[in-house]
Amino acid sequence: MDKIRILIVDDHEIIYRGIKDLLQNEVEYKIEDYAVNGKEAIVKARQIIPDIIFMDISMPEMNGIEAIKVLSAELSDSKLIVLTQHDEGEIIFQAMRAGAHGYLLKNSTKEQFIFAMQQVLSGKRYLNDETSRKMIDLTLNKFEQERSENEIYLTRREKEIIRKIYEDKSNHQIAEDLNISLRTVETHRRNIMQKLKVTTVIGLLKIAAKLNLITLK
Amino acid sequence: MRKKLTYGVYITVILVILMIFGSQIILRFYKVQSERLIIEYHEISVLQDYKLSVSRLMMQLNFLRNESSVLFSSDLLAFYTDSKTKFENCHQFLTTKHKDDDWIGLEIAINNFDTMLTRALLAGEKISISTIIDLTNLMIAGNEKLDILINETKEEIMHYEQINRRAIQHGTLTSLGLGAAMIILLLVLGKVYVNNLTDPILKLEKGAESIKTGNRQARVNIHSGDEFEKLADAFNSMLDSLEETTVTKEYFQNIMNSLYGALFVLNDGCTIRAVNTTSIQMYEFTEYEMLDKPINILLNGNDGQHFNVDFSQMDFQEKVDFFNNQHVMITKSGKQIPVLINCTRLKSQKPGSNEILIIAHDITEKIMMEKKIEQNRNEIRIAINEAQEAERLRLAKDLHDSLGQQLTSISFSIQKLHESKKYSGNLVQSVMDQIDASLNETRRLSHNLIPIVLIEFGLITAIQNLINNVNKIGKTKFQFFHYDLNERIDNKLEKAIYRIIQEGINNILKHAKAKNASIQLLQNAELLTVLIEDDGVGFKAMNRLTNEIVQDEGIGLLSIRERVSIFNGKFSIESHPGAGTELIIEIPYNK
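Chains as they are written, first to last, in our numbering: chain H, 127 to 343; chain C, -9 to 581.
Laid out in structure tokens, this is it:
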């Protein structure tokens, strides 16, 4: 049976040696080569077409995510496992979206290493409990965020100003009424127009009426 | 001066009194002369009366003698009585001067006549011819004497008339002479006197005239010992001090025109009354085009619009305060010139006039220099910040790379050790746990030093990540919105905005006690706007009237202010106790 060929991408040699050491006794895994950044990884992966690529995220020249984007599109047979210290949800999300098959933290145990490799080779994706929870949280957040982005968000202050504009108050009067500076009113007005994608007060009031901020008589 | 005038008056009064006396004396002389004449006329009058009476008596006597008729002494007596009365008159009136031999001769003749007549009358009714002849002779003798007396008197009258005539002549001459002498005296004395009086005035006038023509060395020498000397001394000392403190008009004009600043004199209504050459050069208007125009034509408001200041609503001090400031002025061709204005009240000769003196200094170069310095300073600050960030990045990398990787590698080795079953499983597990904890700590430290998400994925992702993290731990619910933002912007600005938002969030978490907070990022063609709003307790942020920042702003807001100023942005805070807080950050950035 052919050995499973591994490419390690990390700008620190110590990691390469550590993993080599860790898998020394596991005969079915063979660490083929080692690259120090995304660019080198792409070149070497194209040559050797490894079964598994361990990819770090922060690297000089080209980071892991960029490299994953290229490699996942090009080499469908190579499985990509992110091996990193970063455990931020956003990075997990971006890496998985770029095409990574697994996400492994560097403090993982040997068992987790082997389990992750087995999972991705069998065509599954691998995330441990912690990383999968973070990934789900983030996805939910993003969903929430996208939904609220589709609604137009106006702050309390912005709504107040729209009402004052509807009352046909000048910027001076609005500033006086709300006890804020004229410049602040001007800034808000400009921002409101931009957010609602309107150029005239009439357009602004039309949208404001649609959003039930004001009641047109 | 006053003394002299008083003397003059005294002398004139004395002269007038002398004139009155003189004329009185002359009058008195005339009067005596004319009284004499009157007496003489009286004398001659009684004498001639008497002579008439004697003549009549003589005629009677002659008649008697020629007729040789009956004589009636009573007839004669009537004539004689009349003659006697006239004689008595003469006796009474004639002055002693005439009562000399002739008069005595007359008296004797009359007495004889009297005696003879009385005897004749006593002798009988009839008077003899001889008696009549005697009487006639006596009468002739008396008449002769009378004639002498009359002639004498006539001569006297002539004498007195002559004297009188001469006296009139002399009197006229004397008064004319006296008058002429007085006129000449007054003319001469008056001339001298007036000269004496007006000489110092002329000297002063000459002095003033020569000052006017520019001879500032001119002085007035008066040693009259009176007020004029004092006046001259005052005049001289005034000139001395003038010499020290002021300059000629020409000299002043020169100074005015060589002033580096543009000079304007404004009246109460802020209309231009005077300008200097610099004003003309600076604003490109001719003098004529500026005079009597409101200063507003030179003041620039925003966007090249004229600044229409309503000066009529300001009192004098407000006007001065308004001008004493930095302004932008506008030239005829519309060029805008930043100026620093010095404004003072012009001390005018006209009382109650409130003229304003304005000197405008062109500070274009100064502002350019300041801008350059500011720009340099900002570049340096950016560089420092960059260096700081780089240092952080290096530290983070060091932590992440060497320490983290070494810990990782140790963890791998321990795992091998664990496999070899040489050591107690519990002990190895405990070491592995500690290494895990160390790795986590390293990661946390490294992340705090530099947000790896920001570097790898940009502002929006990094802020979203930040907010996701704080929403997990804090009581405040944060929301983040962005509008029209490029995926990646300048990485220095990215870092700055990330740190600004981080500070904003920290402030809200630390102080605001807010339920909700929102962060908005907006980008339009030239501005990047960050709005951080919360509904927390708020604070007294800024005195809007004086635009002064309240002192205890806190290190968080200060660091935001610092970062904003590096990128020439504007930072404003709207906050009131109990009414939440708004941070508005606007940074110029071309999309």
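Just so it is clear, CB atoms sit at the ideal spot from N, CA and C, and this is done for glycine as well.
**Message:** Below 7 Å on C-beta distance, what does H212 (chain H) contact in chain C?
**Reply:** Below the 7 Å Cβ cutoff, chain C contributes I442 as neighbours of H212 (chain H), in chain order.
**Asked** For S436 (chain C), does the count of other Cβ atoms within 10 angstroms reach 16, so buried, or fall short, so exposed?
**Response** The residue in question, S436 (chain C), is buried, as its Cβ has 16 or more Cβ neighbours within 10 Å.
**Asked** Is K76 (chain C) closer than 9 Å to A99 (chain C) when the C-beta atoms are compared?
**Response** No. Outside cutoff.
**Asked** Starting from M319 (chain C) and walking both ways along the alpha helix (DSSP H), at which residues does that stretch end?
**Response** Boundaries around M319 (chain C) are those of the beta strand (DSSP E), Q316 to I320, since no alpha helix (DSSP H) includes it.
**Message:** Assuming the contact rule is C-beta atoms closer than 8 Å, T206 (chain H) and I194 (chain H) should be a hit. Round their C-beta distance to whole Å, please.
**Reply:** Sequence check: residue 206 (chain H) is Leu here, not Thr. Between the beta-carbon of L206 (chain H) and that of I194 (chain H) there is about 5 Å, and that keeps the pair under the 8 Å contact cut.
**chain C residues whose Cβ lies nearer than 8 Å to that of G215 (chain H)** = Correct list: N455 and N458.
**Prompt:** On the three-state DSSP scale, how would you describe V36 (chain C)?
**Reply:** DSSP places V36 (chain C) in helix when its eight states are reduced to three.
**Residues that L209 (chain H) bridges to, as DSSP identifies them** = Looking at the DSSP assignment, L209 (chain H) forms a beta bridge with H:L230.
**Message:** If you follow the alpha helix (DSSP H) that Y292 (chain H) is in, where does it begin and where does it stop?
**Reply:** Its alpha helix (DSSP H) spans residues R282 to Y292.
**Prompt:** Just the Cα atoms here: how many angstroms apart are E446 (chain C) and L383 (chain C)?
**Reply:** In a straight line, the C-alpha of E446 (chain C) is about 13 Å away from that of L383 (chain C).
**Asked** Y473 (chain C) touches chain H at which residues, Cβ-Cβ below 7 Å?
**Response** Q320 and K321, listed in chain order.
**Request:** Note down, in chain order, every chain D residue with its Cβ under 8 Å from the Cβ of S508 (chain C).
**Result:** The question asks about chain D, but that chain is absent: this structure's protein chains are H and C.
**Expected contact under 8 Å - CB spacing of M319 (chain C) and N290 (chain C) to nearest Å** = With 8 Å as the limit, M319 (chain C) and N290 (chain C) qualify as a contact, their Cβ atoms being about 6 Å apart.
**Message:** Can you tell me which residues form a DSSP beta bridge with D524 (chain C)?
**Reply:** Its beta-bridge partners are C:A507 and C:T571.
**Message:** Rounded to whole angstroms, what is the Cα-Cα separation between G568 (chain C) and H212 (chain H)?
**Reply:** Between G568 (chain C) and H212 (chain H), the C-alpha separation is close to 41 Å.
**Asked** Start and end of the beta strand (DSSP E) containing Q469 (chain C)?
**Response** Per DSSP, Q469 (chain C) belongs to the beta strand (DSSP E) from K467 to Y473.
**Message:** Give me the DSSP bridge partner(s) of L336 (chain C).
**Reply:** Answer by DSSP bridge pairing, in chain order: C:E345.
**Item:** First and last residue of the uninterrupted beta strand (DSSP E) at F254 (chain C)
**Value:** Taken as a continuous stretch (DSSP letters only), the beta strand (DSSP E) holding F254 (chain C) covers A252 to L256.
**Prompt:** Name the DSSP beta bridge partners of R131 (chain H), please?
**Reply:** When beta bridges are read from the DSSP output, R131 (chain H) appears opposite H:K156.
**L535 (chain C) versus H314 (chain H) - alpha carbon distance** = Because L535 (chain C) sits at a pLDDT of 46, beneath the cut-off of 50, its placement in the model cannot be relied upon, and the point is left open.
**Message:** Residues of chain H with CB closer than 8 Å to the CB of D426 (chain C), please, in chain order.
**Reply:** Chain H residues near D426 (chain C): N233.
**Item:** Continuous beta strand (DSSP E) stretch holding V265 (chain C): start and end
**Value:** Segment I262 to V265, the beta strand (DSSP E) holding V265 (chain C).
**Message:** Taking the beta carbon of P186 (chain H) as the centre, do at least 16 other beta carbons fall within 10 Å, making it buried, or is it exposed?
**Reply:** Residue environment for P186 (chain H): exposed (fewer than 16 other C-beta atoms within 10 angstroms of its C-beta).
**Request:** Within the same chain, show all residues whose beta-carbon is closer than 7 Å to that of P190 (chain C), passing over the 5 residues directly before and after it, in chain order.
**Result:** Within the same chain, and ignoring the five residues on either side of P190 (chain C) in sequence, the residues whose Cβ sits closer than 7 Å to its Cβ are I212, S214, F218 and A222.
**Prompt:** For I145 (chain H), which residues in chain C fall below 8 Å Cβ to Cβ?
**Reply:** In chain order: F402.
**Prompt:** So, does the CB of M319 (chain C) fall closer than 9 Å to a CB anywhere in chain H?
**Reply:** Against chain H, the CB of M319 (chain C) has no partner CB under 9 Å away; the residue lies outside that interface.
**Message:** Please tell me whether K285 (chain H) has its Cβ less than 9 Å away from any Cβ of chain C.
**Reply:** Proximity of K285 (chain H) to chain C, defined by a Cβ-Cβ separation below 9 Å, is not satisfied.
**Message:** Relative to the C-alpha of R79 (chain H), which candidate in C:K181, C:T571 and C:L417 has its C-alpha closest?
**Reply:** No information on residue 79 (chain H) is available, as it lies outside the stretch 127 to 343 that chain H covers here.
**Asked** Does DSSP put G561 (chain C) in a helix, in a strand, or in coil?
**Response** The amino acid at residue 561 (chain C) is misidentified as Gly; the sequence shows Phe. F561 (chain C) carries a strand assignment under DSSP once its states are collapsed to helix, strand and coil.
**Request:** Anything in chain C within Cβ reach of Q271 (chain H), meaning under 8 Å, just list it in chain order.
**Result:** Within chain C, the C-beta atoms nearer than 8 Å to that of Q271 (chain H) come from Q454 and F470, in chain order.
**Message:** Between the stretch 398 to 418 of chain C and the stretch 502 to 514 of chain C, can you find at least three pairs of beta-carbon atoms closer than 8 Å?
**Reply:** Contact fails: fewer than three Cβ-Cβ distances are below 8 Å.
**Prompt:** chain H partners of K406 (chain C), CB-CB under 7 Å?
**Reply:** Per Cβ cutoff of 7 Å: D147 and L148.
**Request:** Mind reading off the beta-carbon distance from L27 (chain C) to N154 (chain C)? Whole number of angstroms is fine, and I expect it under 8 Å.
**Result:** With a contact defined as Cβ atoms closer than 8 Å, L27 (chain C) and N154 (chain C) qualify at about 6 Å.
**Asked** Ends of the alpha helix (DSSP H) at I140 (chain C)?
**Response** From DSSP, the alpha helix (DSSP H) with I140 (chain C) extends over I119 to K202.
**Three-state class that DSSP yields for A161 (chain H) in the structure shown** = If DSSP states are grouped into helix, strand and coil, A161 (chain H) belongs with the strands.
**Request:** Check the C-beta distance from I491 (chain C) over to I453 (chain C) and give it rounded, since I have them as a contact under 8 Å.
**Result:** Between I453 (chain C) and I491 (chain C) the Cβ distance is about 6 Å, and since that is below 8 Å, they are a contact.
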